[in-house]
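Trainee: Can you read through this structure? Questions will come right after.
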Amino acid sequence: MIKLENTNAYMSTLTSTSSETSSEQLQHRLDSLHAQLVEQQQRIAELEATNRELENASRIKDDLLSTIGHELRTPLNAMLSLVHILQEQLDGVLTDRQRESFRVIETSGQHLLELINDILDLSKLQAGKMRLKIEAVEVEPLCAEVLNIVRQLAEQKSLQISVQRDERVGAVQADRLRVKQILVNLLSNAVKFTPEGGSIGLEIIGAPEREQVQFVVWDTGVGIAEQDLPLLFKPFVQIDNELSQYNAGSGLGLALSQRLARQHGGDILVESKPGVGSRFTLELPWKPSDVSVMTAAAGEQPPIHSSMASRRRLVLLAEDNEANIYALSEYLSMYGVPVVVARTGPEALELALTERPGLILMDINLPRLDGLEVIRRLRTSDPFADLPIAVITALSGDTERIRQSGADHFLNKPIDLTELDRLLDHYFARH
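One gets this note's numbering by counting positions in the sequence shown from 1 and adding 1 to each.
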């Protein structure tokens with residue numbers, strides 16, 4: 002009996018001890034889980050803070066790039082415009098050596114401009130901020146325009162140019178400006194890396210079974226070694242070959258072109274053999290039923306009506322950069338077009354009211370009042386409802402804002418003087 006009681010007491014003590022141990026273990030486990038939860042919450046808070054800092058840094062970077070792009074393109078506009086003016090004014094007295102100096106200045110300026118534009122575009126693509134304007138794009142006039150851009154460079158090297166188009170491909174749904182950018186880049190590379198006397202070509206091939214159209218740019222140039230092909234589309238990487246030392250480049254063109262193609266839902270493929278040549282194929286989504294209608298794309302100008310030629314022969318230039326004021330004033334004066342200059346937004350409004358110009362060239366970033374706001378205010382007054390206004394901008398992606406403001410045209414910096422000539426010819430009948 003004593004033994005039984007001792008056994009019961011021992012079992013009771015054991016049970017009590019076991020219960021206490023389990024409770025302690027459970028509490029310890031709960032405390033551990035709570036500590037882990039607190040630690041995870043702290044890590045999440047730290048990650049969220051880091052993400053906010055990264056997003057803020059990204060915004061600052063984008064703003065900085067945009068500002069730098071504007072500040073670099075503004076003096077470039079003055080430099081390239083003045084080079085053009087001096088070449089025209091001094092054409093009869095320049096020596097061959099001086100002409101070559103002007104050519105080098107102009108080529109270097111254009112190269113710098115291309116580099117700025119490529120960096121800004123690549124930054125937008127990487128940040129997911131590049132928005133495509135998809136529309137029906139006529140293939141034949143697009144290709145003619147692209148070939149005209151590279152034709153002079155090709156003729157300087159005595160290159161033969163071949164064009165073939167599948168008649169089934171009338172139009173493609175794409176962003177006209179960006180497809181043009183890709184094709185100009187591919188054709189420019191074909192010209193650069195093809196020795197004198199060679200050939201380059203553009204082929205447009207429809208593949209309705211794959212709902213795809215191919216723009217093939219080929220050349221009989223130096224070609225690319227197989228081991229170098231994977232490097233072609235990496236930013237800031239250039240392939241060494243016998244012609245690379247004569248052709249300056251940033252290594253951004255192909256990287257940007259491929260990303261633009263992929264944003265369209267397509268791609269760029271390449272085949273190449275050293276000493277034989279290369280074939281770059283831009284693939285884009287396409288259906289034979291695509292509407293073959295040309296619509297105004299980003300960068301295109303609305304039609305100019307000849308009835309406007311009776312307007313007063315006076316240009317109001319609204320610009321706050323002295324170098325650009327000098328360059329544009331000189332250019333307009335060279336053709337006998339009088340100019341009045343406004344350096345602020347309010348001054349532009351006042352001179353428009355008092356001088357009644359026949360054409361306004363309006364910079365966007367004016368002090369005290371934004372150039373687009375000046376246009377909006379002018380458009381509310383009947384005398385200025387149909388006054389031709391061309392916006393001058395160094396910022397990409399402003400097309401929609403410009404149209405909504407009421408502007409008729411826009412000129413990118415550096416200003417294409419051929420496009421400015423077109424405006425002057427139609428509104429003032431300069432010839």
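No residue lacks a Cβ here, since even glycine has one placed at the ideal position from N, Cα and C.
Where do the N-terminal and C-terminal ends of the alpha helix (DSSP H) with V151 fall, by residue?
Mentor: V140 to Q157
Trainee: How many Å lie between D422 and Q228 at the Cα?
Mentor: 48 angstroms
Trainee: Is it the case that the Cβ atoms of I162 and I206 are separated by a distance below 7 angstroms?
Mentor: no
Trainee: According to DSSP, what are the bridge partners of V342?
Mentor: L318
Trainee: Between D220, V147, V341 and G278, which lies nearest to E320 when the distance is taken from Cα to Cα?
Mentor: Selected option, being the one with the closest Cα: V341.
Trainee: Going along the chain, which residues of its own chain have a beta-carbon closer than 6 angstroms to the beta-carbon of T282, five neighbours each way excluded?
Mentor: Q215, V217 and L270
Trainee: In chain order, what residues of the same chain lie with their CB nearer than 7 angstroms to the CB of D409, ignoring the 5 residues before and after it?
Mentor: P303, P389, I390 and A391
Trainee: Would you mind giving the Cβ-Cβ distance between D167 and F194, rounded to the nearest angstrom? I have them listed as a contact below 8 angstroms.
Mentor: About 26 angstroms; that fails the 8 angstroms criterion.
Trainee: In whole angstroms, give me the CA-to-CA distance for E374 and D364.
Mentor: 11 angstroms
Trainee: So for H410, helix, strand or coil by DSSP?
Mentor: strand
Trainee: Which class does D32 belong to by DSSP, given the choice of helix, strand or coil?
Mentor: helix
Trainee: Does the segment 130-137 touch the segment 169-178, meaning 3 or more C-beta pairs lie closer than 8 angstroms?
Mentor: yes
Trainee: Rounded to the nearest angstrom, what separates N325 and P76 at their Cα positions?
Mentor: 7 angstroms
Trainee: Could you tell me which residues DSSP pairs with G202 in its beta bridges?
Mentor: S163 and W219
Trainee: Helix, strand or coil for S307, going by three-state DSSP, please let me know.
Mentor: For S307, the predicted model reports a pLDDT of 37, less than 50, meaning its position is unreliable; a value from the coordinates is still stated below. S307 falls in the helix class under three-state DSSP.
Trainee: Have a look at A50 and P236 and give me their C-alpha separation to the nearest angstrom.
Mentor: For the pair A50 and P236, the Cα-to-Cα distance works out to about 30 angstroms.
Trainee: Do you know offhand how far P415's Cα is from L148's?
Mentor: 21 angstroms
Trainee: Would you decide whether V39 is buried or exposed? Buried here means 16 or more other CB atoms lie within 10 Å of its CB.
Mentor: exposed
Trainee: Could you check the C-alpha separation between L418 and L203 for me, to the nearest Å?
Mentor: 28 angstroms
Trainee: From the DSSP output, read off the bridge partner residues of E136.
Mentor: A175
Trainee: Is the beta carbon of V151 closer than 7 angstroms to that of S189?
Mentor: yes
Trainee: Quick one: using the 10 Å Cβ neighbour count with 16 as the cut-off for buried, is N413 buried or exposed?
Mentor: buried
Trainee: Hey, quick one: how far does the beta strand (DSSP E) through I361 stretch, first residue to last?
Mentor: L360 to D364
Trainee: Can you give the Cα-Cα distance for L81 and L329, rounded to whole angstroms?
Mentor: 11 angstroms
Trainee: Measure the alpha-carbon distance for K274 versus L230 and round it to whole angstroms.
Mentor: 10 angstroms
Trainee: Suppose contacts are defined by Cβ-Cβ distances below 7 angstroms. Is I106 in contact with V140 by that definition?
Mentor: no
Trainee: Using a 10 Å radius around the Cβ and a threshold of 16 neighbouring Cβ atoms, would you call N78 buried or exposed?
Mentor: buried
Trainee: Please list, in chain order, all residues of the same chain as F385 whose beta carbon is under 6 angstroms from its beta carbon, the five residues on each side excluded.
Mentor: L379
Trainee: Between R53 and the rest of its own chain, which residues show a CB-CB distance below 7 angstroms, the 5 nearest in sequence each way excluded?
Mentor: none
Trainee: Considering I326, what are the terminal residues of the alpha helix (DSSP H) in which it resides?
Mentor: E323 to M335
Trainee: What span of residues does the alpha helix (DSSP H) with S382 cover, start to end?
Mentor: DSSP places S382 outside any alpha helix (DSSP H), giving it a letter other than H or E.
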